[in-house]
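Reading through the structure tokens given below for one structure.
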Amino acid sequence: MENNMNHCCCSENQIENKSYKKGNCPACGKEGNLVKNYTVKHIVVEELTEEVGSSDYYLCMNEDCDVVYYSSDSSTIFNKQQVKVPIWFKKDANPKYACYCSQVTEEQVIKAVIEKGAKSMAEALEITGAMKNPQCREKNPLGKCCHQIIQNAIEKAFKIKSGS
Ligand SMILES: [Zn+2]
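The sequence shown begins at 1 in full-length UniProt numbering and counts up by one.
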């Protein structure tokens, strides 16, 4: 087996997801991102796994909307109370995970930059232990690598650091 030097935990999955199909949320009308059935089955609470069926879903990207997943014909909807983890970009998400696989929060990433002086992605990952055990397809609500969320948290931290 070839040694994968890529820092990203699921590069294959990311390439596959490059062109997102969009669908509009039945509750708020905003566009959502397509999420594979496999991921949705892992994120919804166990009692509802059977209701997921076999189709793919969309994830509502609106922070104010309570809807998390909806099927393309809107016949099946899962809201914030029906998923196992808080959706990081939704209002009041607590905790706000930056890496779902290693359960590292946005706050921990920000602290790594501000209090522990991480200057790069690699240093922040080292300090927080994020992306050590990649299971993004099962654990991340988008089924995508957590890399981008961590990157956003680091950028946020740099802004806080330079602004104060
Ligand atoms: Zn919505």
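Ideal Cβ positions, reconstructed from N, Cα and C, are used throughout, including at glycine.
Below 8 Å on the Cβ atoms is my guess for residue i versus residue j; work out the distance and round it to an integer in Å.
{"i": "A98", "j": "C146", "result": "7 Å"}
{"i": "M121", "j": "Q151", "result": "6 Å"}
{"i": "G87", "j": "P134", "result": "One detail in the question is off: residue 87 reads as Ile in this sequence, not Gly. I87 to P134, Cβ: 19 Å. No contact."}
{"i": "A27", "j": "D73", "result": "With 8 Å as the limit, A27 and D73 do not qualify as a contact, their Cβ atoms being about 15 Å apart."}
Rounded to a whole number of angstroms, what is the C-alpha to C-alpha distance between residue i and residue j?
{"i": "I160", "j": "E51", "result": "43 Å"}
{"i": "I154", "j": "V109", "result": "6 Å"}
{"i": "C25", "j": "T76", "result": "11 Å"}
{"i": "K36", "j": "K132", "result": "23 Å"}
{"i": "Y70", "j": "N79", "result": "9 Å"}
{"i": "Y38", "j": "V85", "result": "16 Å"}
{"i": "G143", "j": "G163", "result": "33 Å"}
{"i": "F158", "j": "F89", "result": "19 Å"}
{"i": "K96", "j": "E106", "result": "6 Å"}
{"i": "I43", "j": "K139", "result": "7 Å"}
Among the options, which has the Cα closest to the Cα of residue i?
{"i": "T49", "options": "N94, G163, G23 and V83", "result": "V83"}
{"i": "G23", "options": "K41, V44 and D56", "result": "D56"}
{"i": "S54", "options": "V45, E47, V40 and E46", "result": "V40"}
Below 8 Å, how does it come out for the region 25–32 and the region 53–72: are there three or more Cβ pairs, yes or no?
yes
Three or more C-beta pairs below 8 Å linking the region 122–134 and the region 85–105:
yes
Residues surrounding ligand 3 [beta-carbon distance to nearest heavy atom under 6 Å]:
With respect to ligand 3, the structure shown offers nothing to examine, as its ligands consist of ligand 1.
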